[in-house]
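Residue numbers (the numbering used here), protein chains in the order written: chain Z, 1 to 102; chain U, 1001 to 1171.
For each residue, glycine too, the CB sits at the ideal point set by N, CA and C.
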């Protein structure tokens, strides 16, 4: 069996990022779109930690902590906006929220 | 060595299968459960990379915190009707084209970078020397990255206030 190298982790990270991107671009349900964004941020974290291990540098893990912080803030505010939106428009489908559409 | 590889493939399979199921399930609750599987796989990968502190943070914060927030909102916002509707918008081809372009781009840099960074060599088996992982993280976080750390705390405060303002009916 081939030993696991950093390039394996990078390949996994690319795959996870692309799956998350497909989710963001194609789903209609806003909750699932927010979950897909979490997937993308996790892909970035895998990348950071793999490079941190490769270069023997702690900065990768520190940056992963900051990315998690931003992900938490994003999820909290995003879900708050979703609740406000649902109260006003009674929908959670992204393409039915078209106030700015010409 | 083979144990390492086996665990890597198990966790990679968990991560990717969970991600695919998250994106494709109709019900938002099922998506959330599959997202937990995916995040657990990522946590396992952190452990394999000897980032024990981030493993704990991933479990406690993501699976214990963010996912509970998601499930709470799913219960609060009635999604029964939404699960019966059309799940995908008409942009599938645009999305696939975007993903193909990004994938090709990343693959290209991957090929180019493999030589420059010598990524083909196995990751070093020896652990981070001198003390545990958490100790080292704390050491670096509270010395070199002290200012970003404080700014992150302000960001969290803003997020807390912002989400309360958003979710409250009348302020």
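For residue 25 of chain Z, the C-beta contacts it makes with chain U under 8 Å involve 1091, 1094, 1095, 1098, 1099, in order along the chain. No residue range can be given for residue 1143 of chain U, since it is assigned to no alpha helix (DSSP H) and is classified by DSSP as neither H nor E. Residue state for residue 27 of chain Z is assigned as strand, using DSSP reduced to three classes. Here residue 1049 of chain U carries a coil assignment [DSSP, helix/strand/coil]. Between the segment 3 to 12 of chain Z and the segment 28 to 35 of chain Z there are fewer than three C-beta pairs closer than 8 Å, too few to call the two in contact. Cβ neighbours of residue 1067 of chain U within its own chain (closer than 8 Å, five residues either side excluded): 1032, 1035, 1036, 1039. In terms of Cα proximity to residue 78 of chain Z, the closest of Z:12, Z:16, Z:35 is Z:35. For residue 1080 of chain U, no chain Z residue has a Cβ inside 7 Å of its Cβ, as the nearest lies near 11 Å away. Contact with chain U is found for residue 19 of chain Z, since one of that chain's Cβ atoms lies less than 8 Å from the residue's Cβ. Annotation: the continuous alpha helix (DSSP H) that includes residue 69 of chain Z extends over 59 to 89. Counting of Cβ neighbours within 10 angstroms places residue 52 of chain Z among the buried residues, the total reaching 16 or more. A contact is defined here as three or more CB-CB pairs under 8 Å, and the segment 1018 to 1025 of chain U fails this definition with respect to the segment 71 to 91 of chain Z.
Within a 10 Å sphere around the beta-carbon of residue 1070 of chain U sit 16 or more other beta-carbons, which makes this residue buried.
The C-alpha of residue 1158 of chain U lies about 42 Å from the C-alpha of residue 1005 of chain U. In this structure, the straight-line span from the alpha carbon of residue 1007 of chain U to that of residue 1055 of chain U is close to 15 Å. For residue 77 of chain Z, the nearest beta carbon of chain U is closer than 8 Å to its own beta carbon. Within the model, the alpha-carbon separation for residue 1029 of chain U versus residue 1075 of chain U is close to 9 Å. Taking the beta carbon of residue 1074 of chain U as reference, the chain Z residues within 7 Å of it are 31, listed in sequence order.
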